[in-house]
Structure formats: structure tokens, C-alpha cells
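Colleague:
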Amino acid sequence: MQPKVVMKSTSITARTLLSATLLGLGALSFSAESQAQTVNAVMHSGVRIIDPILTTAHITRNHGYMVFDTLLGMNEEFQPQPQMADWEISDDGMVYTFTLRDGLTWHDGEAVTAADCVASLERWAKRDSGGLMLMNHVESLEASDERTITLTLSSPFSYVLELLAKPSSVPAFMMPERLASTSPEEAIPEQIGSGPFRFVADEFQPGNRVVYTKFEEYVPRDEPPSWTAGGKVVNVDRVEWITMPDQQTAINALGSGDIDFIEQVPLDLAPLLETNDDLILGTLSEMGSQTMGRMNFLYPPFDDVRIRQAAMLAMNQEDVLAALVGNADYYETCGSFFGCTTPLGSDAGTDTWMATGDLERARELLEEAGYDGTPVVMLQPTDVATVSPQPVVAAQALRQAGFNVEMQPMDWQTLVTRRASQNDPADGGWNMFFTNWIIPEVWNPIVNPMLNAQGREGSFFGWPKDEELEAMRLDFAMAESDEERERIAEVIQVHALEQVIYVPLGDYRSVSSWTNQLDGVLKGPVPVFWNLTKSE
Amino acid sequence: MFAYFIRRILASIPVMLVVALFVFLLLRLSPGDPAAIIAGDMASPTQLANIRAALGLDQPLHIQFFVWLGELVRGNFGTSLISQTPVLTMIGQRLEPTGSLAVVAMLFTVIIAIPLGVIAAWCHGRFLDKLVMSASVVGFSVPVFVIGYLLIQLFALELGWLPVQGFRSLSEGIAPFASRIVLPALTLSSIYIALIARMTRASMLEVLDEDYIRTARAKGLPERAVLFRHALRNAAVPILTVIGTGFALMISGVVVTESVFNIPGLGRLIVDAVLARDYPVIQALILLTAGLYVIINLLIDLSYAITDPRIRY
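Same order as they appear, the protein sequences are chains F and X. Per full-length UniProt numbering, residue 1 is the first one in the first sequence, and the count goes up by one each step. Per full-length UniProt numbering, residue 1 is the first one in the second sequence, and the count goes up by one each step.
1) In this structure, how does DSSP classify residue 134(X) when only helix, strand and coil are distinguished?
2) Taking one C-beta from the stretch 68-77 of chain F and one from the stretch 215-228 of chain F each time, how about it: are there three or more such pairs within less than 8 Å?
3) Under the rule that 16 or more other beta-carbon atoms within 10 Å means buried, what is residue 118(F), buried or exposed?
4) How many whole angstroms separate the CB atoms of residue 230(X) and residue 248(X), which I take to be in contact at a CB cut-off of 8 Å?
5) Assuming residue 278(F) contacts residue 518(F) under a Cβ cut-off of 8 Å, what Cβ separation, rounded to an integer in Å, is found between them?
6) Below 8 Å on the Cβ atoms is my contact criterion, and I expect residue 269(F) with residue 280(F) to pass it. Report the Cβ-Cβ distance as a whole number of Å.
7) Taking the alpha carbon of residue 496(F) as the reference point, which residue from 449(F), 482(F), 511(F), 368(F) has its own alpha carbon closest?
8) Which residue wins for smallest C-alpha separation from residue 207(F), given the options 364(F), 155(F), 42(F)?
9) Per DSSP, which one or two residues make a beta bridge with residue 597(F)?
10) Give every residue of the same chain whose Cβ lies closer than 8 Å to the Cβ of residue 36(X), excluding the five residues on either side of it in the sequence, and list them in chain order.
11) Am I right that residue 154(F) and residue 138(F) are in contact with their C-beta atoms under 8 Å? What's the rounded C-beta distance?
12) How many Å lie between residue 38(F) and residue 219(F) at the Cα?
13) For residue 445(F), which of helix, strand or coil comes out of DSSP?
14) Let me confirm a value: residue 185(F) is counted as buried when at least 16 other C-beta atoms fall within 10 Å, else exposed. Which label applies?
15) Taking a contact to mean a Cβ-Cβ separation below 8 Å, would you say residue 384(F) touches residue 412(F) in this structure?
16) Just reading off the beta strand (DSSP E) that residue 151(F) is part of, what are its end residues?
17) Between the stretch 307-315 of chain F and the stretch 326-333 of chain F, are three or more C-beta pairs nearer than 8 Å?
18) Is residue 291(F) close to chain X, meaning its C-beta is less than 8 Å from at least one C-beta of that chain?
19) List, in order along the chain, the chain X residues whose C-beta lies closer than 7 Å to that of residue 208(F)?
20) Nearest to residue 468(F) by CA position, among 493(F), 504(F), 165(F), 276(F), is which residue?
21) Inspect the beta-carbon positions of residue 325(F) and residue 398(F) and report whether they are closer than 8 Å.
22) Using the three-state DSSP reduction, which class does residue 515(F) fall into: helix, strand or coil?
23) Below 8 Å, can you find three or more Cβ-Cβ pairs linking the stretch 366-386 of chain F to the stretch 462-482 of chain F?
24) Helix, strand or coil for residue 465(F), going by three-state DSSP, please let me know.
25) Indicate the three-state DSSP secondary structure (helix, strand or coil) for residue 100(F) in the structure shown.
26) Measure from the C-beta of residue 183(F) to each C-beta in chain X and report whether the shortest distance is under 8 Å.
27) With 16 as the cutoff for other CB atoms within 10 Å, does residue 233(X) come out buried or exposed?
28) Mind pulling the chain F residues with CB within less than 7 Å of residue 32(X)?
29) Please list, in chain order, all residues of the same chain as residue 522(F) whose beta carbon is under 7 Å from its beta carbon, the five residues on each side excluded.
30) In angstroms with no decimal places, state the Cα-to-Cα distance between residue 214(X) and residue 227(X).
31) Pull the bridge partners of residue 212(F) from the DSSP assignment, please.
32) Mind pulling the alpha helix (DSSP H) runs of 4 or more residues that sit fully within the stretch 64-150 of chain F?
33) CB-CB under 7 Å to residue 14(X), same chain, minus the five flanking residues each way: which ones, in chain order?
34) Excluding the 5 residues flanking residue 305(X) on each side, which residues of the same chain have their C-beta closer than 8 Å to its C-beta?
35) Compute the Euclidean distance between the alpha carbons of residue 318(F) and residue 506(F), then round it to the nearest angstrom.
36) Is the CB of residue 48(F) under 8 Å away from at least one CB in chain X?
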């Protein structure tokens, strides 16, 4: 008897399950599941590292702006603005006093204190190149009382506010002192900030999903939002960042209403979205990014400035941008180191030295330098679409000019390790690689890491050593007016182009897309989720 | 049989040790530096060295290996170098999506492929046989991602019956789970349906000419009973082998399907870990996969005894 009973029970269960499934399938409108006041976004990458001071990864920086806040913000005029603190500068420009505004609390309910901010600034300055430079000019940084931070300079340095307000790549995020006392080489153990969103630790899946909820106690500033400055008013309850490695899947999900926002749409897939009236296609950062090539100054052939100049002239920005971006609406040729849409962007020096595909002059320079056919070891990442085409196009141009190019394909993470090698190119080193920076990371000679010319010990990979350039950068840091800064920036650009500190290969913009249910999407160098509203 | 089971489990320990050593050395000798990945573009050599030291990557290889092995023996798979999340937590988060996908895909495979193979063998040389075999060639030949996109286009975008992507846990309800698992499971199973249908057909053809089949028919048994009770059971051993190895392959090869349908499973985790040189995660996942192969092979061997009474351990 027993088996019969079991059989019947199983049969009923199976039938019930099947019915429930079919009913469920029929009842659900899958493309419009209820997502009240939740914004689902697909960002350019998965969040894996959540300590925003530990790494320069942009996705971690974006995460940082959700959870943490900064003493100062930067507006669309590139001007530092009060965010957590207002400031005063002494008449001699040597003492900066920051006063925390009312109502600032950490996500654990504790009040934000000046001591927390001092510890945060100290940790940030150990990881960020701009912070390191700032600290070289600082005599003391201390909490004068619960709400006052006093920074006293040891030597004139007029770029304090800009560095504290810089939006990328490692902004000076504030955190409680107990977290900020963590070694800058180790990740902080908790995500307690004072930013407009809380991090939901229980729902964090590294590389796949990160969830934020509105921080109810956050008190936004009264000013209208502009970039990372102004009021960070949160109008939605929850934001989920979902990683979708397949771009086509993300576009399908946006079209069907599963998600609300895609940070970066591949331009070749953009036409799929242009015809959908329910979606908006737009550029969040009009400045976009700069793509560039860097040569290794330590070894032949690029230890000779004439050969570097020949390589620069041989390359052609238009060809590189066409291969990288394709759609001319989204790129511009630009010879400036600082981006062509920034206050310091200019064409100084570009009439002589710019990647214009001038093969004739390139060949003359090679002949003059006595180039002996030393191979140019060019690193070619094959797995990242935004840096794959540049070496292919550049290698062809260099070969046409007479260079002997040895292309070495690899994945990006291998390249990241390889480019740190100061070995001979024939022994695991390299001669040239390509990368991209968002414009706010290069927009002036201080923040632009590629213009650091301190040589083997202090420079970005490629290690140029140029004392004249370093002196000019110091002049820039001490300049007291915008006019003086513009003048020095032009001088720097002319010099750095002539020395081919690196090869600017043009500016391009990324395209984002979001559903028309979202309103108040803010433009800026960092995708932010305050000010957004979502209609049902 | 129990003694055989224990013997096989014990025999797998040296296999796992060799896998552990091989994977450890392979990863350490391949190019890539997790510290450089964590530190990003602007790290100085000193900062990189400090991060390597903090992660324990500055220790000699043999010390790193024995530290890892010692923790492993205590059941600690370590912590992700990149996200600082315990590896077991990360695997736990990804196990259900991949496990669900593989189980449902294998269910589809068995439910669809075995009857198709039996019918094809029964209709040997006729239209139905040729149709099944032609369809299986298509199943073999068309890349998984193409099948995935076609299914999405038809059932999700055109008809709107099913969602285009994502995964919902069974704990959230059967309907959300089923609606999101159907298309990826069908996609993933396509190649295995083709494979197992062909294997079933071939095995069935071998036994259909046997004397005992003729005897069964002569006794007047219905054709369905002849095919499924007598022929299929005798043809089952090679089919079970393919199903078993197919299941293990499914677990370790789901990455394309997971990407197309945005399922946060183990396949994507291992690709991400490899790209980020996240050694503890890669090591744990490869050990897990190797262990899975060992267990599945053991289960296949044990299942032979169930389907074929002549096999005893």
C-alpha cells in the first residue's frame, strides 16, 4: 500500500507544482516587474574592490561617491566648492582652515569629527599621487576642535583646494578614524561613510552585484548639484548595480525594462537603442576621455628624443580614433595634454608636434637619429575593447615610417604587470603601450600622472626624467592666478610635446542610455545616482 | 559496494593533491600580479611592494603553498585577494545559479534526448531518424551563444513570454525561478541533447538486433515495453557515462550561457578570477571542479551496478 500512497502524493505534488508554475508564468508580466523606487543600473565593470582609497579603478571610485563624501566637491567650471566643509585661507596663503558643516553623521550613527577627516586625509595622501605632492608642502595637518581642520603649508602651494576636490581617480573620501587608520595597502574592513547611500553588505556579491539604500540621515547641501559639488538629494530608495558581461544582454535588459540605466553603451550597438522611444541615449561627460601612447624612456630606440618625435609624427590621431570609436560624432582630434574642452586645453605646440601621420618628417627624423632597426616592443591588450585598436593602428603607422615593430598580444592584466617592468625590452620589458584617461584625471599638469617626469623612482610607467618639466610643474603649483596657470600650462605643453613625454591621440566620449522613467540624470565625470527620480 | 566507495574516495585524495600543486604552480608561474591590479595605474614600486607584502605574495613559493595547503586542510579556502571576501562565501553565492542551471539543463537533456534517440533507433533509416539526426547535427554545430540569442529574440523580445536575463533563487518562488531558468537551460542543453540523442540511438541500434529483443517481441510485449524496458536498459551503460561526464562538463563550461543570460554563476566567477589573477578563488574553484569530476565519475560507476545486474563491486 505504501508505494501507492507515495505515487499518488508525488503525482499530486507534481501536478500542483506544474499548475502553479504555469499560473505564475501566465500571471507575471516579466518585462515589467515591480521595482518601486529601485534603480537598476549596469555599470562599466563589476565592483570587486570596495575600498576607494586602495585602488584607482573607476568603478571603485564610483562606488566611493555612493557611500563616502568628500570635504570639497568640484563643479562643472572645474572650481572647488564646499561639500562637507567650508574653508578659509590665511592672507599669506599658508594656512587653510576647514569647518565641517552641521548634521554630518556616519552610517553607523556617529557624528563626523575633524579627527576622522584628518585621519582620512592622511590615508588618502599616502595612496594618491596628488596627495603625496600636497603632503610634500604640508607642515601640519590637525584637528583644531571637533569641527575644524587646520592645514598649514611649509612652502607655497596653491593647488590645495583643487586636489581635495578632484573627482578622479582617487578622490579624498572621508571615513571614520577607526577605518582611516587602516594601512593604505590594506582594504578597510567596513563600508561606513557619510555619503548619500548606505552600502548593503549582506547583498554584496563581488563582481556581480552591489546594492545601496538611501541614507535617511544624510543632509544635502542647499546648492543645486553640479558634478560632485552641490546638494546630493536622493529621491530613490535603493540602487542596484548589476554586472552584465555581455553588452547585448544589457541592451536587451534595458529594452525590456529589467534595468534602468547602462553606463557605457558600445557605439556599434547604439543604433539598437536609438530607435526605441522609451530610451534616452546620452553622453554623461562631454569632456570624455583621452587616449594616448606612452614610450619607454629607459631603453633604445625611445631614449632618443628624435626617434620619439618620429614615432609621434608617424601616428595619426584620426586613424586611431576611427578604429577606436568609429562614429565621428563621439571623438575629436586633440593635441593638448589637458583635453581640448578644459580651461587649460590649448593648441600650443601642436602645429609642430602632433600625431598627424606625417610619414615624410618621421622618416627624416629617423634617418637623422640613425635608427638602426632596434625592435619596438609594443604591448597589445586583446581583451579590452577601449585599448585594443590603438596598438594595431599605431604599429602599422610606425612600420610605414620605417620602424621595426614587434607586437606582443596579451590580456590587459598581463600588460598591467608587464608595463611595471624596468627590464630591457628583450628581457621582459617593453617599448610602448597605450591607455586612456578620463579628462578630469589629466586636465592640469599636477593631476596628470603622465607629465610626472621624476624618472625611474617617481614617474608613471615609461619613466621620463626631465628636471626642466618638473620645475615647470612646481611653478604651476605655486601660480597664484588663473592667467598665470594658463600661461605655464602652455609652456609645459610646448616642452612636453617637443620631448614627447607621451603622445596624445585624441579625445572621445562614451555613451550612456537610460529609460525615460528616469529623470534628473546628472552629467559629469562620475556617474552619480543622487538627484534621480523614477516614475512608475 | 561500500568498501569500493570508500576505496575510491581514498584514491581521490592523491589526485586532489596533485591538482592542488599543479594549479598553484601554474598560477604563480603565469604572468600577472594581483598587487598591480589592486593598486591601479598610479602605484609606485614601493606601494606595489607594500601591497604584495600585505597579501603575502612576497613569501617564497613553497611557503605560500604550504600555508595555503594548511588552511585548506582546516577547511579554509582563503580570502579573495581582490575583494577580501572569503572564497567559500563567493562560491556559495554562485553555486545555486550554476547548480540550478546545470540540473535543469540536464533534466531537459534526459527528457528530450533519450526519447528522441530511442525513436530514431526504432525508425532507423526512415524519415524520423533522419530528422532527429539532422537536428542533432544542428545542435552540435550552432554555437551556444547563437542559440541563446535566438531564444531570447523569440521568447523574450518578440513574444514577451519570458524575461531576457537574470536569475532568481528557488527560494523566491517557483514562477520567478522557472521563468528565468527555462531559456538558459534550453540553451545550455542544446549540445547535450544532440550528443545524448546520438549516443542513445547508437546504443539502441546495437541491442535492437539482439535475440532477447526478438524474443520479447515474439512474446507479444507492446513495442513501448520492448524499447524502454528491455532495449534501453541494456543500452544504458554508455548513455549513463555520457550523461555523467556531460553533467561535469556542463558545470565547468557554463560560462557562455551564464554571460548571455546574465546568470551570476561559477563560470563567470572563474573567468573574473583568472582575469584578475585572484589566486585563492581560482585554486578553490579548480579544486571544486576536480572534486566534482571525481564524485560524478564515482556515481556513474555505481550507477552501472543499478542498471546492469551483471556489474558488481
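Just so it is clear, CB atoms sit at the ideal spot from N, CA and C, and this is done for glycine as well. Since the model is a prediction, treat every value here as computed from it, not as a measurement.
Modeller: To lay it out plainly:
1) Taking the first residue of the second sequence as position 1, residue 134(X) is located at position 134. It is helical.
2) yes
3) Looking up residue 118(F) in the first sequence gives position 118. Buried, because 16 or more other Cβ atoms sit within 10 Å of the Cβ of residue 118(F).
4) Along the second sequence, read from residue 1 onward, the residue named residue 230(X) stands at position 230. Along the second sequence, read from residue 1 onward, the residue named residue 248(X) stands at position 248. The Cβ separation is near 29 Å, so there is no contact.
5) In the first sequence, counting from the first residue as 1, residue 278(F) sits at position 278. In the first sequence, counting from the first residue as 1, residue 518(F) sits at position 518. With 8 Å as the limit, residue 278(F) and residue 518(F) do not qualify as a contact, their Cβ atoms being about 11 Å apart.
6) By one-based count along the first sequence, residue 269(F) stands at place 269. By one-based count along the first sequence, residue 280(F) stands at place 280. Actually they do not touch by this definition, with Cβ atoms about 15 Å apart.
7) Taking the first residue of the first sequence as 1, we reach residue 496(F) at position 496. Taking only the C-alpha atoms, the option nearest residue 496(F) is 449(F).
8) In the first sequence, the residue the question calls residue 207(F) occupies position 207. It is 42(F) whose Cα lies nearest to the Cα of residue 207(F).
9) Shown here, chain F extends from 1 to 536; a query on residue 597(F) therefore has no answer.
10) Here the question's residue 36(X) lines up with position 36 in the second sequence. The beta carbon of residue 36(X) sits closer than 8 Å to those of 43, 48, all from its chain and outside the five residues before and after it, given in chain order.
11) Here residue 154(F) refers to the residue found at position 154 of the first sequence. Here residue 138(F) refers to the residue found at position 138 of the first sequence. The pair is a contact, with the Cβ atoms about 6 Å apart (cut-off 8 Å).
12) Stepping through the first sequence from its first residue, residue 38(F) is reached at position 38. Stepping through the first sequence from its first residue, residue 219(F) is reached at position 219. Their backbone Cα atoms lie some 21 Å apart in a straight line.
13) To locate residue 445(F), count along the first sequence from 1; it is residue 445. Of the three classes helix, strand and coil, the one that applies to residue 445(F) here is coil, per DSSP.
14) Position 185 of the first sequence, counting from 1, holds the residue named residue 185(F). When all chains shown are included, residue 185(F) counts as buried.
15) On the first sequence, residue 384(F) is found 384 positions in, with the first residue counted as 1. On the first sequence, residue 412(F) is found 412 positions in, with the first residue counted as 1. Yes.
16) Reading the first sequence from its first residue, position 151 is the one you call residue 151(F). Here the beta strand (DSSP E) through residue 151(F) covers 148-153.
17) no
18) Position 291 of the first sequence holds residue 291(F). Taking Cβ atoms only, chain X never reaches closer than 8 Å to residue 291(F), which makes this a no.
19) Start at 1 with the first residue of the first sequence, and residue 208(F) comes out as number 208. Those within 7 Å of residue 208(F) in chain X are 264.
20) Your numbering for residue 468(F) matches position 468 in the first sequence. Residue 468(F) has its Cα closest to that of 493(F), out of 493(F), 504(F), 165(F), 276(F).
21) Walking along the first sequence from the start, residue 325(F) turns up at place 325. Walking along the first sequence from the start, residue 398(F) turns up at place 398. In this structure, residue 398(F) does not lie closer than 8 Å to residue 325(F) by Cβ.
22) Stepping through the first sequence from its first residue, residue 515(F) is reached at position 515. Residue 515(F) falls in the strand class under three-state DSSP.
23) Judged by Cβ distances under 8 Å, the stretch 366-386 of chain F makes no contact with the stretch 462-482 of chain F, as fewer than three pairs qualify.
24) Taking the first sequence and counting its residues from 1, the one referred to as residue 465(F) is at position 465. Correct three-state label for residue 465(F): strand.
25) The residue you call residue 100(F) lines up with position 100 of the first sequence. Strand.
26) By 1-based counting over the first sequence, the position of residue 183(F) is 183. Yes, residue 183(F) lies at the interface with chain X (some Cβ there is under 8 Å from its Cβ).
27) Within the second sequence, the letter at position 233 stands for residue 233(X). By the neighbour-count criterion, in which a residue is buried when 16 or more other Cβ atoms sit within 10 angstroms of its Cβ, residue 233(X) is exposed.
28) Position 32 of the second sequence holds residue 32(X). By Cβ distance, chain F contributes 413, 414, 417.
29) Along the first sequence, one-based indexing puts residue 522(F) at 522. Taken in chain order, the residues that qualify are 225, 528, 531.
30) Mapped onto the second sequence, residue 214(X) falls at position 214. Mapped onto the second sequence, residue 227(X) falls at position 227. For residue 214(X) and residue 227(X), the distance between alpha carbons rounds to 11 Å.
31) Taking the first sequence and counting its residues from 1, the one referred to as residue 212(F) is at position 212. For residue 212(F), which the question treats as bridged, DSSP gives the partners 199(F), 239(F).
32) 114-127, 129-135
33) Along the second sequence, one-based indexing puts residue 14(X) at 14. Excluding positions up to five away in sequence, the list is empty.
34) Within the second sequence, numbered from 1, the residue matching residue 305(X) stands at position 305. Excluding sequence neighbours, residue 305(X) sits near 1, 311, 312, 313.
35) Taking the first residue of the first sequence as position 1, residue 318(F) is located at position 318. Taking the first residue of the first sequence as position 1, residue 506(F) is located at position 506. So the alpha carbons of these two residues sit roughly 8 Å apart.
36) Position 48 of the first sequence, counting from 1, holds the residue named residue 48(F). Yes, residue 48(F) counts as interfacial toward chain X.
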